[in-house]
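Protein chains: 2
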Amino acid sequence: MSETLLDFMFHPRSIAVVGASNNIESHGHNHMNFQLTYGFKGEVYPINPRQTEILGRKAYPSLADVPGDIDHVIIAVGIQNVPEILSQAAGKGVRSMHIYSGRASETGRPEAIALDQEILKRAKQYGIRILGPNALGFFCPGSGIAFGYDFPEQPGHVGAMMQSGANSTDLCHLAKLRGVKFSKVISYGNALDINEVDLFEYFIDDPDTELLLCYIEGLRCTPDKYLELLRRATARKPVIVCHGGRTRAGTRFSAGHNASRSDMGKDIWAGPVQETGASLIRTIDDMVDVTVAFSQLPPIKGFKLGTGGGGGGNCALYSDEWEENGFTLPPLPQEIRQEFKRRGSEAWDWMNNPADYSIVAPGDAYTVPAALAEMAKHPDYDFIVGYVGEDFPFKVETLEKEIMTNAEEYIKVAKQSQKPFFAIVRDRSLGIREFDSLRHKVYARVRTRFLEEGIAFFPSVGQAAKAIKEYIGYCNKQK
Amino acid sequence: MSETLLDFMFHPRSIAVVGASNNIESHGHNHMNFQLTYGFKGEVYPINPRQTEILGRKAYPSLADVPGDIDHVIIAVGIQNVPEILSQAAGKGVRSMHIYSGRASETGRPEAIALDQEILKRAKQYGIRILGPNALGFFCPGSGIAFGYDFPEQPGHVGAMMQSGANSTDLCHLAKLRGVKFSKVISYGNALDINEVDLFEYFIDDPDTELLLCYIEGLRCTPDKYLELLRRATARKPVIVCHGGRTRAGTRFSAGHNASRSDMGKDIWAGPVQETGASLIRTIDDMVDVTVAFSQLPPIKGFKLGTGGGGGGNCALYSDEWEENGFTLPPLPQEIRQEFKRRGSEAWDWMNNPADYSIVAPGDAYTVPAALAEMAKHPDYDFIVGYVGEDFPFKVETLEKEIMTNAEEYIKVAKQSQKPFFAIVRDRSLGIREFDSLRHKVYARVRTRFLEEGIAFFPSVGQAAKAIKEYIGYCNKQK
Numbered sequence: 001m002s003e004t005l006l007d008f009m010f011h012p013r014s015i016a017v018v019g020a021s022n023n024i025e026s027h028g029h030n031h032m033n034f035q036l037t038y039g040f041k042g043e044v045y046p047i048n049p050r051q052t053e054i055l056g057r058k059a060y061p062s063l064a065d066v067p068g069d070i071d072h073v074i075i076a077v078g079i080q081n082v083p084e085i086l087s088q089a090a091g092k093g094v095r096s097m098h099i100y101s102g103r104a105s106e107t108g109r110p111e112a113i114a115l116d117q118e119i120l121k122r123a124k125q126y127g128i129r130i131l132g133p134n135a136l137g138f139f140c141p142g143s144g145i146a147f148g149y150d151f152p153e154q155p156g157h158v159g160a161m162m163q164s165g166a167n168s169t170d171l172c173h174l175a176k177l178r179g180v181k182f183s184k185v186i187s188y189g190n191a192l193d194i195n196e197v198d199l200f201e202y203f204i205d206d207p208d209t210e211l212l213l214c215y216i217e218g219l220r221c222t223p224d225k226y227l228e229l230l231r232r233a234t235a236r237k238p239v240i241v242c243h244g245g246r247t248r249a250g251t252r253f254s255a256g257h258n259a260s261r262s263d264m265g266k267d268i269w270a271g272p273v274q275e276t277g278a279s280l281i282r283t284i285d286d287m288v289d290v291t292v293a294f295s296q297l298p299p300i301k302g303f304k305l306g307t308g309g310g311g312g313g314n315c316a317l318y319s320d321e322w323e324e325n326g327f328t329l330p331p332l333p334q335e336i337r338q339e340f341k342r343r344g345s346e347a348w349d350w351m352n353n354p355a356d357y358s359i360v361a362p363g364d365a366y367t368v369p370a371a372l373a374e375m376a377k378h379p380d381y382d383f384i385v386g387y388v389g390e391d392f393p394f395k396v397e398t399l400e401k402e403i404m405t406n407a408e409e410y411i412k413v414a415k416q417s418q419k420p421f422f423a424i425v426r427d428r429s430l431g432i433r434e435f436d437s438l439r440h441k442v443y444a445r446v447r448t449r450f451l452e453e454g455i456a457f458f459p460s461v462g463q464a465a466k467a468i469k470e471y472i473g474y475c476n477k478q479k
Numbered sequence: 001m002s003e004t005l006l007d008f009m010f011h012p013r014s015i016a017v018v019g020a021s022n023n024i025e026s027h028g029h030n031h032m033n034f035q036l037t038y039g040f041k042g043e044v045y046p047i048n049p050r051q052t053e054i055l056g057r058k059a060y061p062s063l064a065d066v067p068g069d070i071d072h073v074i075i076a077v078g079i080q081n082v083p084e085i086l087s088q089a090a091g092k093g094v095r096s097m098h099i100y101s102g103r104a105s106e107t108g109r110p111e112a113i114a115l116d117q118e119i120l121k122r123a124k125q126y127g128i129r130i131l132g133p134n135a136l137g138f139f140c141p142g143s144g145i146a147f148g149y150d151f152p153e154q155p156g157h158v159g160a161m162m163q164s165g166a167n168s169t170d171l172c173h174l175a176k177l178r179g180v181k182f183s184k185v186i187s188y189g190n191a192l193d194i195n196e197v198d199l200f201e202y203f204i205d206d207p208d209t210e211l212l213l214c215y216i217e218g219l220r221c222t223p224d225k226y227l228e229l230l231r232r233a234t235a236r237k238p239v240i241v242c243h244g245g246r247t248r249a250g251t252r253f254s255a256g257h258n259a260s261r262s263d264m265g266k267d268i269w270a271g272p273v274q275e276t277g278a279s280l281i282r283t284i285d286d287m288v289d290v291t292v293a294f295s296q297l298p299p300i301k302g303f304k305l306g307t308g309g310g311g312g313g314n315c316a317l318y319s320d321e322w323e324e325n326g327f328t329l330p331p332l333p334q335e336i337r338q339e340f341k342r343r344g345s346e347a348w349d350w351m352n353n354p355a356d357y358s359i360v361a362p363g364d365a366y367t368v369p370a371a372l373a374e375m376a377k378h379p380d381y382d383f384i385v386g387y388v389g390e391d392f393p394f395k396v397e398t399l400e401k402e403i404m405t406n407a408e409e410y411i412k413v414a415k416q417s418q419k420p421f422f423a424i425v426r427d428r429s430l431g432i433r434e435f436d437s438l439r440h441k442v443y444a445r446v447r448t449r450f451l452e453e454g455i456a457f458f459p460s461v462g463q464a465a466k467a468i469k470e471y472i473g474y475c476n477k478q479k
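As they're listed, the protein sequences go chains Y and E.
Everything in the first sequence is counted per our numbering, starting at 1 for the first residue and increasing by one.
Everything in the second sequence is counted per our numbering, starting at 1 for the first residue and increasing by one.
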């Protein structure tokens, strides 16, 4: 397999961290620590003229003092030092440099803009690619390189190019809670050198990336070029785009955030981006939900769902929510009623789609998972959804058993189903007292079981509906 | 103060629970237990011919065996027994009866419908008001009467009339996590006798209820009567309405849920209900958020907000989300920049609205709470929002201190502010492992502190925007 562009940056043999430190509150400490934590196999050289050993590694006063060559450099010192560091790096065979340091062009200050230009000039002169400045760097679990704590350590097939460190971090943290695994997540900040063009070129060909997420505030290429890159990317893999700086306040903000003019090419977002086949979304929560749909579900053919779980009022409202979002809940077919009659169920003439948890009678053949299992076999339904949001009014003593039994039955339905299956497990605004409460832990336990079994879940019907609609749109275009 | 209609039901001197039991899995056990748990001051009589003592109280074989009179009866035995129980109740001075039992008209079965009619006939004959059947009952914290565990025990000023037990329970549980306190929450199920007309008549005059929430699937009165009741109610207090059964699947479902024809008067929901001055919402999550806005915030005059918190990408996206929802984020006025310049802040020329957490430099006068405090004094802003959703990429070791310090500063801003202040604290899909993680507990601790200090918070900007928009609409109508 041929090496794709930028592959050298994601798979360096050695890394130097300029500004590494034993002070745990310093960013240099963290940028050093992450590489050790995530199991980077090559050498990591701390660079700090005032310390001799950092995190168990010999520290060097400058890049020039490191014995042998260095592939990749991370800068966590003031940006004014970068031109000099670049000159040193040129002598050490450095191929790529991640400038974490900010206070660059995004400040809008003339001296900062001039400094950026000097950095770019030297980098080009020395043949060193620059990621940033004002960027968190990249996360490549396969190489053991990361820019934050508590990221999903197993490599996967979701790639992300993100023009924001906060959103990159949120993505990695929130996605981990939902079982998403990444090939690479790249925070590229001010995009002084490596920008959306390089990153698309990389991800289009990257065999490890099967789904591509993009957060972008300001284009560095022309709108036409951007659309061409999107078309090439969507021809190879699904692409999800979130554009930040869509409004007056957002545009104003993103200038000071990463020196973006997010209103550049502003007409492309409403129509042309979607015409390329990309999905356009609006928040990082949506990005996580769409990623779960695209990366954890088999193809969904249409908008007809069989669902159940929760009490009657839950069922009524989520039926409305699904149908108001363009889905339909076909009525329960006579064959299924007859099947439950045959099994002696008292509820056979009354059960429904959605299947109401509150009408389940002890010992009756009708249960929510049993109803879902039958709908999963029937041609009237395209996919099946099990709802777990119910706070039963009674029986807090037996709540755990009841909810876990139901969840395990959902898992069986999902495994035996010929249809896509996912669950709804509602998020809650927990206070610290609730962290000791069985009642709240049980939903956490359900999520953990679903993750273990590879069952996709969403925090609400509204969030699921948005994500599944995008996914069905994509599946239909693939036909 | 004159007693409002139905007051007798909410303040009984004694309650009998027919079907009370020592079996903790039985509903009768729970309906008995709740009255003891929530501190009901009157007598509670368990009725069960097969047990002599239940939860420390002497059990009686039938209502007729109870010494003296009974005010209120809760039925947790098969509905076929109700006509006979009504006859016994008539001899004991019973004034109201809550029929928890279901399998009534909502099954659509002719014999169940006939039974309901027999129940209604006898109730009218004996002058006993019926709540239900197929209803969880009512929660009146002032009387120590409840229908579920873990409800907010302190009485408050939010009243709710809910035609669904699941939604009533969700409301009580979710609202508790947000500091909402109730006057009464009434689950009225099939509305065989007590229906929306009685409940409006009650709540319109109830001095304890300052905000009225309504969940309704099917009207029992005419649409015109319903609109008239709404107009009378909104003239006295804000009213929030959620109609379940808006779609084809929802309508079909609600027939089997509480014998409703939720398509009756279906044309009133789109326009006429809102013209009465009521707020129309679509989910219980929205109901909780709107309740927080209406019951915990001072009047908000307009759509201009000053906000901050979270990293740059968070700021960019939530700026967009606010403005796309009809709000505006006025740019930071020169006076505020000059004030920070005067204080020696390095960020004075760069800071913004929203105030970016990620550009805060150690020791600088610019901090997010400091910026919010200045915006709170400035006439350009109608209200102030502090965002707490940031997952800092670095320094997990100092995360707790950093986030708690920030939250305490927000509390100070809120207390000193002349403008309404609320916070955004994002919900997360926690697995069981995360319950042991400091990183997730710290957000729970922030919520708990906000609750202690009476600071309203919302789980996302999207949810806050929906709720605040309703609230501003209401405030403007009050002018």
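Even glycine gets a Cβ: it sits at the ideal position worked out from N, Cα and C.
Since the model is a prediction, treat every value here as computed from it, not as a measurement.
In this structure, the alpha-carbon of residue 109 of chain Y lies about 30 angstroms from that of residue 282 of chain Y. Following the DSSP letters along the chain, one finds residue 161 of chain E inside the beta strand (DSSP E) bounded by residues 155-162. Residue 266 of chain Y sits in a helix when the DSSP states are folded into three classes.
For residue 212 of chain Y, the secondary structure class from DSSP, reduced to helix, strand or coil, is strand. Contact between residue 181 of chain E and residue 155 of chain E is confirmed by a C-beta separation of about 6 angstroms, below the 8 angstroms threshold. With distances taken between CA atoms, residue 16 of chain E lies nearest to E/145 out of E/121, E/145, E/249, E/118. Per the DSSP secondary-structure output, residue 84 of chain Y pairs with nothing in a beta bridge.
Within the same chain, 55 come within 7 angstroms of residue 33 of chain Y by CB-CB distance, once the 5 residues on both sides are set aside. Selection E/460, E/47, E/8 evaluated against residue 19 of chain E yields E/47 as nearest (Cα-Cα).
In the structure shown, the three-state DSSP call for residue 388 of chain E is coil.
Between the alpha carbons of residue 385 of chain E and residue 345 of chain Y lies a gap of roughly 53 angstroms. Annotation for residue 359 of chain Y: 312, 347, 350, 351, 366 place their beta carbon closer than 8 angstroms to its own, counting only its chain and skipping 5 residues before and after. Separation of residue 152 of chain E and residue 190 of chain Y (C-alpha to C-alpha, rounded to the nearest whole angstrom) is 49 angstroms. The stretch 337-423 of chain Y is shown to contain whole beta strand (DSSP E) runs of 3 or more residues at 383-387, in chain order. According to the DSSP assignment, residue 43 of chain Y belongs to the beta strand (DSSP E) that extends over 43-47. Nearest neighbour of residue 184 of chain E by Cα position, chosen from E/201, E/143, E/163, turns out to be E/143. The beta carbon of residue 256 of chain Y sits closer than 8 angstroms to those of 106, 107, 108, all from its chain and outside the five residues before and after it, given in chain order. Counted as a single uninterrupted DSSP element, the stretch harbouring residue 239 of chain E is not any alpha helix (DSSP H) but the beta strand (DSSP E) occupying residues 239-243.
Chain E places a beta carbon closer than 7 angstroms to that of residue 350 of chain Y, counting this residue as a contact.
The residue from Y/356, Y/450, Y/429, Y/400 with its alpha-carbon nearest to that of residue 440 of chain E is Y/429. The stretch 228-239 of chain Y makes contact with the stretch 193-213 of chain Y; the number of CB pairs closer than 8 angstroms reaches 3 or more. Of all residues in the stretch 165-184 of chain Y, only 165, 166, 167, 168, 169, 170, 173, 174, 177, 178 place a beta-carbon less than 8 angstroms from a beta-carbon of chain E. Of the candidates Y/68, Y/172, Y/52, Y/88, the residue whose Cα lies closest to the Cα of residue 42 of chain Y is Y/68. Residue 221 of chain Y is outside the set of residues whose beta carbon lies under 7 angstroms from a beta carbon in chain E.
With a 10 Å radius around the Cβ and a threshold of 16 neighbouring Cβ atoms, residue 124 of chain E comes out exposed.
Sequence-ordered contacts of the stretch 117-137 of chain E with chain Y read 136 [C-beta pairs closer than 7 angstroms].
Looking from the CA of residue 249 of chain Y, the closest CA among E/285, E/221, E/314 belongs to E/314. Listed in chain order, the alpha helix (DSSP H) runs fully inside the stretch 290-327 of chain Y are 312-324, counting runs of at least 4 residues. Residues of the stretch 365-377 of chain Y with a C-beta atom less than 7 angstroms from some C-beta of chain E do not occur. Secondary structure remark: continuous beta strand (DSSP E) runs of at least 3 residues inside the stretch 68-127 of chain Y, in chain order: 72-75, 96-99.
At a cut-off of 7 angstroms, the C-beta of residue 294 of chain Y has no neighbouring C-beta in chain E. In the DSSP assignment, residue 281 of chain E falls outside any alpha helix (DSSP H) and lies within the beta strand (DSSP E) extending over 279-281. In the structure shown, the three-state DSSP call for residue 168 of chain E is helix.
The beta-carbon distance between residue 316 of chain Y and residue 244 of chain E, rounded to whole angstroms, is 4 angstroms. This is short enough to meet the 8 angstroms contact definition. Distance from the CA of residue 202 of chain Y to the CA of residue 6 of chain Y, rounded to the nearest whole angstrom, comes to 7 angstroms.
Chain order gives the chain E residues near residue 323 of chain Y as 246, 247, 248, 249, 250, where near means a beta carbon separation below 9 angstroms.
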